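Residue numbering for the sequence shown follows my numbering, starting at 146 and increasing by one per position. Think of the CB as a built atom: it goes at the ideal place given N, C-alpha and C, for glycine as much as any other residue. What you are looking at is a predicted structure, and each value in this text was computed from that prediction instead of being measured. Below is one structure; the comments refer to it alone.
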Amino acid sequence: MGSGNDFAKHRDSPSQANPTWRCAMSNASRCERWGSHMNSPTQRSLKRLRADGWFVAITERWNPFAKCRQDLFGFIDLLCLKEDIILAVQTTSGSNVAARLAKMRDNPAVRLWLQSPARKVVIHGWRKIGPRGKVKHWECREIEVTADSFAEALPNPVQVQPEPQLSLLAAP
Numbered sequence: 146m147g148s149g150n151d152f153a154k155h156r157d158s159p160s161q162a163n164p165t166w167r168c169a170m171s172n173a174s175r176c177e178r179w180g181s182h183m184n185s186p187t188q189r190s191l192k193r194l195r196a197d198g199w200f201v202a203i204t205e206r207w208n209p210f211a212k213c214r215q216d217l218f219g220f221i222d223l224l225c226l227k228e229d230i231i232l233a234v235q236t237t238s239g240s241n242v243a244a245r246l247a248k249m250r251d252n253p254a255v256r257l258w259l260q261s262p263a264r265k266v267v268i269h270g271w272r273k274i275g276p277r278g279k280v281k282h283w284e285c286r287e288i289e290v291t292a293d294s295f296a297e298a299l300p301n302p303v304q305v306q307p308e309p310q311l312s313l314l315a316a317p
């Protein structure tokens, strides 16, 4: 019978007999036991785009001074290259897709980005789906943002009319 202190036996060396100990010690072991440990939408999109043949770079960075994450131009998490196309990807959870689209509508850099036919913008919204009580899997909802989708959302630049000059010397 065990002495009640089985953890002490495995404390100094990893063992197949105690996979929990191995998982607590390294990320590689956690991946072996539970599968992939991609827990952020950015990592899931990164894997998906690379599998589709895109050359991908992460442009979202942690700003330690502001203590928040900052995107390239305020809307790009991933920058992707493939043939003649430059793809800007905003990744998020499935429930925040509408908020990200609204954020893009308020950003003038998006309109400037979309002026070139070689540049595209998509939003990846990730959610888990599957029947109740069964294993769930991640699904990506991809929404392409086009200049047409901003036509009604972004007003035309305001035309400033010059005010008539009043003369101080003119008599009433």
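Asked                                                                                                                                                              : Found
By the DSSP assignment, the alpha helix (DSSP H) with Thr187 in it spans what residues?                                                                            : Pro186 to Ala196
What are the boundary residues of the alpha helix (DSSP H) that includes Arg250?                                                                                   : Val242 to Arg250
Tell me the residue span of the alpha helix (DSSP H) that contains Ala254.                                                                                         : Pro253 to Trp258
Of all the options Glu228, Lys227, Ala243 and Asn208, which has the alpha carbon lying nearest to the alpha carbon of Ile268?                                      : Ala243
Would you kindly check if the distance between the Cβ of Glu287 and the Cβ of Arg272 is under 8 Å?                                                                 : no
What are the boundary residues of the beta strand (DSSP E) that includes Lys227?                                                                                   : Leu223 to Lys227
DSSP state of Ser294, grouped into three classes?                                                                                                                  : helix
For Lys265, which beta-bridge partners are listed by DSSP?                                                                                                         : Leu232
Check whether the segment 192-206 touches the segment 246-253, counting contact only when three or more Cβ pairs, one atom from each stretch, lie closer than 8 Å. : no
Can you say whether Ser190 is buried or exposed, counting buried as having 16 or more other CB atoms within 10 angstroms of its CB?                                : buried
Rounded to a whole number of angstroms, what is the C-alpha to C-alpha distance between Lys227 and Thr204?                                                         : 17 Å
Rounded to the nearest angstrom, what separates Ser240 and Gly270 at their Cα positions?                                                                           : 8 Å
With distances taken Cα to Cα, identify the nearest neighbour of Ser238 among Val266, Thr291, Gln188 and Asp293.                                                   : Gln188
Are Ile231 and Ala202 closer than 8 Å when you measure CB to CB?                                                                                                   : no
Gly275 by DSSP, collapsed to three states: which one?                                                                                                              : coil
Classify Gly239 as helix, strand or coil using the three-state DSSP reduction.                                                                                     : helix
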